[in-house]
Every structure is written in structure tokens, then in C-alpha cells.
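The following block contains the structure:
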């Protein structure tokens, strides 16, 4: 008899993989999501039953759980606003109550690894991690047999944790970090976590407990950065810890140079702000490991990094920074223009990289020999602005209209930077202001 699964969080990267694997295993899959149109765009969109609704709405949850054999609870807020933990707890409690009412056979939940003895009411871990622990406790107490899997950093192409690890390693030449960078972490590959989530449906019906899951390697977070660099054939990154560097400060700085937002980075930092290591591997004994065993960290990175260009950001950044520095050294008033032109490069290089990464159609093959930072229009805009810089340095200004075109070009750079990250446009203001106030002075 075909079993029915409900997957919440199905449009997330882990939830989507769980759906695919369940379909391959012959399950009838139902998903609960806010946007049916978004779900239908997924590769499995035409093969699942879609309940359009909100997990915070009891009636929507009840409709979705009707006739379900096993439910996967893969919801976790990335919000940092006040009250989010209470909202998550209420949502989990409601889900558990409706699952019990509909006599669901099992709930499978994905939470986070944490130090032994810590509970959802503890002040010893971050608010985000405490909330994930609390949700697991609520589901375990729902009366429905629950397998609460606890994982650390997931290494997968669409994992925010992996994206942060990758971009920090590729874009930050010297990492100044909070003390938690030396905390021990047990990462797990996307393939492995999906395997354990799906296999947990077949656990004995009397099991109602947490399970630690992780790959074979445990290491400090900074070692993950270094081993990532070595795996993609980059140099290891120097770093040092600064006691005054807080998680919010580090998140704010990295939100400037990476595609991730402050709101995405801070919960990731919170989740690794204490040791997150596997303390038992009982689930492996009960359901078995994936074919070939758990992926090593290096194997997981190789799979997750397919289609990326680890070296190109550095080479492109070096080129733009060198041009900005060389041109500025020949400029009148160079004590002003050197930092201003370097600011332009600091802002626009990550902006171009982010645009290109988001636009898959601009991703070029290594064999092409072309720059992977496609984004042709934005690249042309930066080249135009730098060309105006050079013409001014070479004293080729025929009239005020040419100078006006230069300023318009710079404002266009700010517009493009603003569309990616508003804070980057703000960082360009000194460069733009310099054209209004410094150019006349240095041309006298």
C-alpha cells in the first residue's frame, strides 16, 4: 500500500531533496507551502499534491495532515526580530497537536546539534539554536512518535551555511573573527542528511527521541575554511580572533562582501557559536549509512562546489584594485583619489560577482577563457566609470559636459550597487562626492 508523506519546507533546498527522494521511493507526497505556483516550478512540482496555506494557520495544517502516514517538519525561521522564538514554538505545538488528532504515524524533524545537557530554555546557546531545540522538545512531547534529527553545518550547493563558508574563504583574504571560529563542528553533506531524514520514516514506532547526525570529520570552523580552500586548490586563509569582534559585527561586515544578508548570516553564526559535534551515532545503526558510507568533508565540498569558480573572484579583484591604485597614483591630488578609487573597486567587485552568481545564464565554462564575472551591463558600467577616471587623470577634459557624463556614470554604478546591497551604494558616496568637490580643486 502506498504511504502518504507530508513535507513542510519543501521549497527549501533540503526539503526539496527530501521530496525527490520520497517520490523515488514510491511515496505519495503532499506538501504544505504558501505559494503553489512556486512549488510547481520545481522538478517534482507536477508529481506532488500541493496544499496552499500557511504553517501558522491551524486549519491549513489540519488539511495538509489528513491521511498522512509520516510528516517531515523542516521549518525554521531565519528572522531575528523579537518574538520569533515564541512564534516557532506556537507553530510547532499546533503542528504536533494536529498530527496527533489525525493519528499521523511519525514526525521527522531537523534541528541543530548542541552541547550536551542544553535545553530549549537554556541561556547557554544563541536564541536561534535554543529555538530549534525547543521545537524538537515540543514535537517529541506531542504524542506522535518523533525522530528529532540534530545536524550541524550542511555542505550543499544551496545551503546558506556552505555559501557563507565558500564566500568568506574566497573573498576575505584575512579573516578577523570572533572567538567562536575555533569551536568544534561536525559538518554533514547534503546527500547524507537527506538520506537520514528519509530513512527515519522506517524507524520502529516506539522510538521517540533525538538522533545526532554528522559526517566522519569533526574540526574547528576555521579548519573548515582552510580545508575548503585546499579542496578547491586555493591557499589557506590567514586569520586571527579578536575578543572585541562580536557576532553582529562580523555578520555586518560579511554582509557587505558576500551575497548573503545580515539576517541570513547572523543565525548561521548563532548556530556555530558553541561546539556542535556528534555525540552518538545511533541512527546509523538503526537505518544504515548511505551507499559507500558518510561523505568526507572534502567529498561533500567537491560535490557542492561544482559549477563555481573559486579563483576568479580573487583574480578579478586583484585586477580592478591594481588599476584603481595605478591610475590614482598618477592623478593630481592622489592622496584623495587613491582611497576613493579603491573604494570604488571594493564596492563593485563583489557587486559584479553577486550579479553573475545569481544569473546562471552568464556563467561561463572554464574552457572559454573568459571572465566568469559575466553581468555584461554592470561590467561595462564599471569599465565606463574607470575610463572616465583615466581621462581625467590624463587631463583630457574638453568641457563641463564631459565631466557631467563622468558623474552620471558614477551615479549609475551606485544604482547598480544599491540593487544588490543598499549599504554598498552608501559606501560609494565618498567617491561620487569627490567628483563634485575634489575635481575642481585639483584641476586649478
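In my numbering, the protein residues as written are 903 to 1346. For glycine and all other residues, C-beta sits at the position ideal for the given N, C-alpha and C.
Secondary structure within the region 935-973: the beta strand (DSSP E) runs of 3 or more consecutive residues, fully enclosed, are 951-954 (chain order). With respect to residue 1210, residue 1110 sits apart: the two C-beta atoms are not nearer than 8 Å. Out of 976, 1096, 1174 and 1041, the CA that lies nearest to the CA of residue 1030 is found in 1174. Beta bridge pairing from DSSP links residue 1122 with 1086. The alpha-carbon of residue 1242 is positioned some 22 Å away from that of residue 1076. In this structure, the beta-carbon distance from residue 1122 to residue 1088 does not fall below 8 Å. For residue 1011, the beta-bridge partners assigned by DSSP are 975 and 1050. Shown here for residue 965: same chain residues with a beta carbon closer than 6 Å to its own, the five before and five after excluded, namely 953 in chain order. Note on geometry: alpha-carbon atoms of residue 1128 and residue 1252 lie some 21 Å from one another. Cβ-Cβ distances below 7 Å link residue 1132 to 1138 in the same chain, with the five nearest sequence neighbours on each side left out; the list follows chain order.
Here residue 1142 is exposed. Its C-beta has fewer than 16 other C-beta atoms within 10 Å.
Cα atoms of residue 1320 and residue 1328: separation of roughly 8 Å, rounded to the nearest angstrom. Membership of residue 992 in the alpha helix (DSSP H) is indicated by the continuous run 986-1003.
The beta carbon of residue 1094 is closer than 7 Å to those of 1117, 1192, 1196 and 1197 in its chain, skipping five residues each way along the sequence.
Where residue 1164 is concerned, the enclosing alpha helix (DSSP H) starts and stops at 1164-1173. Fewer than three pairs of CB atoms, one per stretch, sit closer than 8 Å, so the region 967-976 makes no contact with the region 936-949. The beta carbon of residue 1154 sits closer than 7 Å to the beta carbons of 1164 from its chain, once the five residues preceding and following it are set aside; these are given in chain order. Closest by C-alpha distance to residue 907, out of 1104, 1090 and 1023, is 1104. Counting the other CB atoms within 10 Å of its CB gives residue 1246 a total of 16 or more, which places it among the buried residues. Cβ-Cβ separation between residue 1006 and residue 1099: approximately 16 Å, too far for a contact (criterion under 8 Å). Under the DSSP assignment, residue 909 falls in the beta strand (DSSP E) whose first and last residues are 906-910.
Annotated as proximal: residue 1041 and residue 998, with beta-carbon spacing under 8 Å. According to DSSP, residue 1091 shares a beta bridge with 1057. Pairing residue 920 with residue 904, the inter-Cα distance amounts to about 17 Å.
With respect to residue 1050, residue 1112 sits close: the two C-beta atoms are nearer than 8 Å. By the neighbour-count definition (other C-beta atoms within 10 Å, threshold 16), residue 1166 is a buried residue. Taking C-beta atoms as the reference points, residue 1206 and residue 1058 count as a pair closer than 8 Å. Leaving aside the five residues that flank residue 922 on each side, the residues in its chain whose CB is nearer than 6 Å to its CB run, in chain order, 946. Under the DSSP assignment, residue 1114 falls in the beta strand (DSSP E) whose first and last residues are 1111-1114.
For residue 1204, the secondary structure class from DSSP, reduced to helix, strand or coil, is helix.
In the DSSP assignment, residue 1098 forms no beta bridge with any residue.
Per DSSP, residue 1327 is not a residue of any beta strand (DSSP E); the alpha helix (DSSP H) it occupies stretches across 1324-1329. Cβ neighbours of residue 991 within its own chain (closer than 7 Å, five residues either side excluded): 1036, 1037 and 1040.
The residues 1078, 1079 and 1080, in chain order, have a CB closer than 7 Å to that of residue 1147 in the same chain once the five nearest residues on each side in sequence are set aside.
In the structure shown, residue 1137 adopts coil according to DSSP, grouped into three states.
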